[in-house]
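Colleague: Submitted below is the structure of interest, expressed as structure tokens.
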Amino acid sequence: MANRLADSSSDHLLQYAHQPVDWWPWGPEALAHAVETDRPILLSIGYASCHWCHVMGSESFENPEVAEFINAHFVPVKVDREQHPVLDQVFMTATQLMNEGAGGWPLTAFLTPEGRPFFTGTYFPPEPQPGRPSFTQVLQALADTWETDRQTLVAGADMVAGHLAALATAPLTDDAPEVHAAVETIAADFDLIHAGFGTAPKFPSATALDALLVRGDARSLELAQRSLETMARGGICDQIGGGFHRYAVDPGWVVPHFEKMLDDNALLLGTYIRGWRRTADHDAGLRALLERTAYGIAGFLERELRDENGAFMAGLDADSCDIRGAVFEGIHYLWSPELIIDALGEEDGDWATRVFHVTAGGTFGEGLSTLQLRGRPDFDKLAEVSGKLLAERGRRFPPAKDCLIVTSWNSLAISSLVTGALIWNEPHWLELALDAARYLVGTHLVDGELRHSSLAGQVDDSPATAEDHGTLADALAALAGATGEATWLRHAEVLCDRAVELFGAGDGGFFDAAAGELFVRPRSLTDNVTPSGTSALVRALRRVGLLAERPDLLGRADEAAATTWATVAENPRFAGSALEDLMIADEARRGLKPAMVVVASDDPFDELARAAWRLAPAGSVILTAPAGAEGFGSWLEGRGKRAVYVCRGQRCFDPVTDYTELKTPLWHRA
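Going by full-length UniProt numbering, the first residue of the sequence shown is number 1, and it counts up by one from there.
In structure tokens, the structure reads:
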């Protein structure tokens, strides 16, 4: 029998629609029911491709006895974190506050009927484990305490709410962070043995790598390039299907947590493109590897995540079935020497087992291995062998897809595809970006208001966040700059103006969400998997402000960036996008780099345009459009010939008509 989740526009909620738990979706109706029945709320937050969400769902929520107890004592509410990212952010912060920094999914929280958390955790097993109670023990204890000592729980909830409200105030500092010191702090976390940052679990940290690439000194480039190379060779990278898994469970990048998500891959596509740009021509082997990896990501996005509407779905599950129908994490991606030889034959199979480090003992266990790339093999043969293995893998049971279309994640993909298209002369990538943008503008903009997500072409009522507005405005402005179509810029301007109205915090910065029903209005300045809402808006306001000649937007970008100083100074590794924006703004103020590069040309894939995209310094805003084109302020006025104009402030320098002249000295001369 279906419950209230059966009509949901979320794949994750639909996974729970036939459980015996009497689930409610998040909303005023659920909160009102909790107040009316005087019961605490059991809040479960997860996402469709979450392995441990599936485990807890089958162990506990499908258990009739557990479900009966939940239904009798709590108001159970299910939330898809991809559909309600701000809600997830608030309760994840509460979970980390209450559990010494620990958090994760499934997020399990118990709230007062008004929605304030008094107990939080993540996965709870069906039976007690050392240091971890069973889920039934937690349920029983909290139900009893709610009846016998409610005031203690309410007092705890009030204390947590106070802490969360304090965190929503941007920390203040009198001085801008010293960029060199911030970069050194990131470098101090570098893993000298395996590259990347920190220890297991090991995340790609795309925003921190981007900050190092923007810094651009020899040491920063070395750390970024070593990380990009090591990840591209590791088991965290899908060596035959392209794209990256979410993180590695070991410090050496060998064994991943196997889910593959759009947000990770959208960001990493851009990072690998920028890493390729910053790698010297003489290091041809590394450049080829970075290019192969970027093309692999783009291929994965198109082949496995692109839906019939041209938008990109949220991700792939970590779990899939083996040939017997049993569900295992990662089984879709694992190989033995015998499986490879069966697919390729003896000669190519032996070659592939060596190149991909597939051993009899296995790197994953039980004679199965993830694929890692060893040495510098012939890339033509590697492509041929990988294609055959991918075709063989296609005969296996595939992991389930999370079909939710998320505004911000699609926007990140659009921006990366635009950059790659212009740098590598890939018009098809630009078409992919345009298709996704047309879908977002046509479906996620409802009566002038942006929505966060949709499913199967039907937009839901989840409100868009600051991150959604910032990333989409930036992506549309990038499209305007690449195509010369001013309509995209008009949409981006409207989004920026609306974001300032909806999310402005009064101190120059931005809240993550518009004022609403939550007990606290969240404001995070850290850049974790994706840039924060503030970082996304800083970037959008700057690009749109330059293209549209809107000094008001440029001023708001500077004000918002200043609110991130304390966060950058304290923990720059988790404020990579903010650090990057501060470095770009600082260089622009000191006149070290051009702000605008205008290419007067009818063809976005003109040699001049592609050279500008390939060679312009980080942070440059590039506009390619026919001379005299309207809708971009005065940037194209009087541009009577095909040329590149390098501009700083209100001054543009002598036009360049030969792409071979677009060398580094040009940017410094400007």
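All C-beta atoms in this analysis are idealised placements derived from N, C-alpha and C, irrespective of residue type, glycine included.
Is the beta carbon of P106 closer than 9 Å to that of N71?
Modeller: As a first step, residue 71 is located in the sequence shown; it is residue number 71 there, counting from the start. As a first step, residue 106 is located in the sequence shown; it is residue number 106 there, counting from the start. In this structure, P106 does not lie closer than 9 Å to N71 by Cβ.
Colleague: Is DSSP giving T108 helix, strand or coil here?
Modeller: For the purposes of this step, residue 108 is taken as residue 108 along the sequence shown, with counting starting at 1. In the structure shown, T108 sits in a strand (DSSP, three-state: E or B).
Colleague: My parser needs the alpha helix (DSSP H) runs of 4 or more residues fully inside the segment 258-301; what are they?
Modeller: Complete alpha helix (DSSP H) runs here, min 4: 262-277 and 284-300.
Colleague: Would you call the CB atoms of R39 and F74 closer than 9 Å?
Modeller: Your numbering for residue 39 matches position 39 in the sequence shown. Your numbering for residue 74 matches position 74 in the sequence shown. Yes, these two residues count as a Cβ contact at 9 Å.
Colleague: Three or more beta-carbon pairs under 8 Å between the segment 352-370 and the segment 268-279, yes or no?
Modeller: no
Colleague: Name the DSSP beta bridge partners of T359, please?
Modeller: Walking along the sequence shown from the start, residue 359 turns up at place 359. T359 is not bridged to any residue.
Colleague: Need the endpoints of the alpha helix (DSSP H) that G420 sits in, please.
Modeller: Here residue 420 refers to the residue found at position 420 when the sequence shown is read from its first residue. It spans T407 to W424 - the alpha helix (DSSP H) in which G420 sits, taken as one unbroken run.
Colleague: As a quick exercise: from V160, L445, F503 and G367, pick the residue whose alpha carbon is nearest that of E467.
Modeller: Taking the sequence shown and counting its residues from 1, one reaches residue 467 at position 467. Comparing Cα positions, the closest option is F503.
Colleague: Could you tell me the boundaries of the alpha helix (DSSP H) in which L43 lies?
Modeller: Translated into the one-based positions of the sequence shown, residue 43 becomes position 43. From DSSP, L43 is part of no alpha helix (DSSP H) but of the beta strand (DSSP E) over I41 to G46.
Colleague: Enumerate in chain order the residues of its own chain whose CB-to-CB distance from D174 is below 8 Å, with the five nearest sequence positions on each side excluded.
Modeller: The residue you call residue 174 lines up with position 174 of the sequence shown. Because the pLDDT at D174 is just 49, under 50, the model does not fix this residue reliably, and the value given afterwards should be weighed accordingly. Closer than 8 Å at Cβ, skipping near neighbours: no residue.
Colleague: Considering only their Cβ atoms, is the gap separating P398 from G470 smaller than 9 Å?
Modeller: To locate residue 470, count along the sequence shown from 1; it is residue 470. To locate residue 398, count along the sequence shown from 1; it is residue 398. Against a cut-off of 9 Å, the Cβ pair of P398 and G470 comes out as no contact.
Colleague: Enumerated in chain order, which unbroken segments of the alpha helix (DSSP H) with a length of 4 residues or greater are wholly contained in the segment 503-589?
Modeller: 533-547, 551-562, 565-570 and 576-589
Colleague: Short check: CB of Q372 to CB of G285, under 9 Å?
Modeller: Position 372 of the sequence shown, counted from the start, is the residue given in the question as residue 372. Position 285 of the sequence shown, counted from the start, is the residue given in the question as residue 285. Contact flag unset, no.
Colleague: Quick one, which of D658, D606 and A600 has its alpha-carbon nearest G638's?
Modeller: Within the sequence shown, numbered from 1, the residue matching residue 638 stands at position 638. Closest option to G638, Cα to Cα, is A600.
Colleague: Would you report the Cα separation of G162 and V520, rounded to the nearest angstrom?
Modeller: As a first step, residue 162 is located in the sequence shown; it is residue number 162 there, counting from the start. As a first step, residue 520 is located in the sequence shown; it is residue number 520 there, counting from the start. Rounded to the nearest angstrom, the two C-alpha atoms are 9 Å apart.
Colleague: Between which residues of its own chain and M313 is the CB-CB distance below 8 Å, once the five residues before and five after are set aside?
Modeller: As a working note, residue 313 is residue 313 in the sequence shown. Result list for M313: L262, L305, R306, D307, K401, D402, C403, L404 and I405, in chain order.
Colleague: Taking only three categories from DSSP, how would you classify K401?
Modeller: Here residue 401 refers to the residue found at position 401 when the sequence shown is read from its first residue. K401 falls in the strand class under three-state DSSP.
Colleague: Would you list the residues sitting across from S453 in a DSSP beta bridge?
Modeller: Numbered from its first residue, the sequence shown carries residue 453 at position 453. Its beta-bridge partners are V406.
Colleague: Nearest to V183 by alpha carbon, out of S577, G619, R81 and L289?
Modeller: The residue labelled residue 183 in the question sits at position 183 within the sequence shown. Nearest C-alpha to V183: S577.
Colleague: Would you mind sorting G252 into buried or exposed? The rule is 16 or more other CB atoms within 10 Å of its CB.
Modeller: Along the sequence shown, read from residue 1 onward, the residue named residue 252 stands at position 252. It is buried - the Cβ of G252 has at least 16 other Cβ atoms within 10 Å.
Colleague: DSSP three-state label for A670, please.
Modeller: For this step, residue 670 is matched to residue 670 along the sequence shown. Low local confidence applies: a pLDDT of 40 at A670 is under 50, so the model's placement there is unreliable, with the coordinate-based value given in what follows. Coil.
Colleague: Hey, how far is the Cα of L541 from the Cα of L582?
Modeller: Along the sequence shown, one-based indexing puts residue 541 at 541. Along the sequence shown, one-based indexing puts residue 582 at 582. Distance between the alpha carbons of L541 and L582: 14 Å.
Colleague: Spell out a yes or no on whether the segment 235-247 and the segment 187-207 are touching, meaning 3 or more CB-CB pairs, one atom from each, closer than 8 Å.
Modeller: Because the criterion of three Cβ pairs below 8 Å is met, the segment 235-247 and the segment 187-207 touch.
Colleague: Would Y439 and G310 be called neighbours here (beta carbons separated by less than 9 Å)?
Modeller: Here the question's residue 439 lines up with position 439 in the sequence shown. Here the question's residue 310 lines up with position 310 in the sequence shown. For Y439 and G310, yes; Cβs fall inside 9 Å.
Colleague: Do L139 and V214 come within 9 Å of each other at the CB atom, strictly closer than that value?
Modeller: As a first step, residue 214 is located in the sequence shown; it is residue number 214 there, counting from the start. As a first step, residue 139 is located in the sequence shown; it is residue number 139 there, counting from the start. Result no, Cβ atoms of V214 and L139 do not sit closer than 9 Å.
Colleague: Is the separation between the beta-carbon of S408 and that of S10 shorter than 9 Å?
Modeller: On the sequence shown, residue 408 is found 408 positions in, with the first residue counted as 1. On the sequence shown, residue 10 is found 10 positions in, with the first residue counted as 1. Against a cut-off of 9 Å, the Cβ pair of S10 and S408 comes out as no contact.
Colleague: With respect to the beta strand (DSSP E) encompassing C321, which residues constitute its N-terminal and C-terminal limits?
Modeller: As a position in the sequence shown, residue 321 is number 321, starting the count at 1. From DSSP, the beta strand (DSSP E) with C321 extends over D319 to C321.
Colleague: Which residue comes first and which comes last in the alpha helix (DSSP H) that contains K381?
Modeller: As a first step, residue 381 is located in the sequence shown; it is residue number 381 there, counting from the start. Start and end: F379 to R393.
Colleague: Taking the straight line between their C-alpha atoms, what separation do you get for Y659 and H357?
Modeller: Translated into positions along the sequence shown, residue 659 becomes position 659. Translated into positions along the sequence shown, residue 357 becomes position 357. Computed Cα separation, rounded: 43 Å.
Colleague: Which of the three DSSP states, helix, strand or coil, is assigned to residue 692?
Modeller: Nothing about residue 692 can be reported from this structure: the residues present for the chain run from 1 to 670 only.
Colleague: The alpha helix (DSSP H) that contains M159, what's its start and end?
Modeller: Along the sequence shown, one-based indexing puts residue 159 at 159. Unbroken alpha helix (DSSP H) run through M159: R150 to L167.
Colleague: Taking only beta-carbon positions, decide if S601 is within less than 9 Å of chain D.
Modeller: Included in the structure is just one protein chain, with no chain D present.
Colleague: Can you give the beta carbon distance from F118 to L43, rounded, assuming they're within the 8 Å contact cut?
Modeller: Numbered from 1 along the sequence shown, position 118 holds the residue referred to as residue 118. Numbered from 1 along the sequence shown, position 43 holds the residue referred to as residue 43. Actually they are not in contact, since the Cβ atoms of F118 and L43 sit about 11 Å apart, beyond 8 Å.
Colleague: Need the endpoints of the alpha helix (DSSP H) that G481 sits in, please.
Modeller: As a first step, residue 481 is located in the sequence shown; it is residue number 481 there, counting from the start. A466 to T483 is the span of the alpha helix (DSSP H), which, as asked, contains G481.
Colleague: Going by the CB atoms, is the gap between R393 and Y295 shorter than 9 Å?
Modeller: On the sequence shown, residue 295 is found 295 positions in, with the first residue counted as 1. On the sequence shown, residue 393 is found 393 positions in, with the first residue counted as 1. Contact flag unset, no.
Colleague: Closer than 8 Å: is that where the CB of R556 sits relative to any heavy atom of the ligand MG?
Modeller: What this structure holds is no ligand at all, so the ligand MG is not there to describe.
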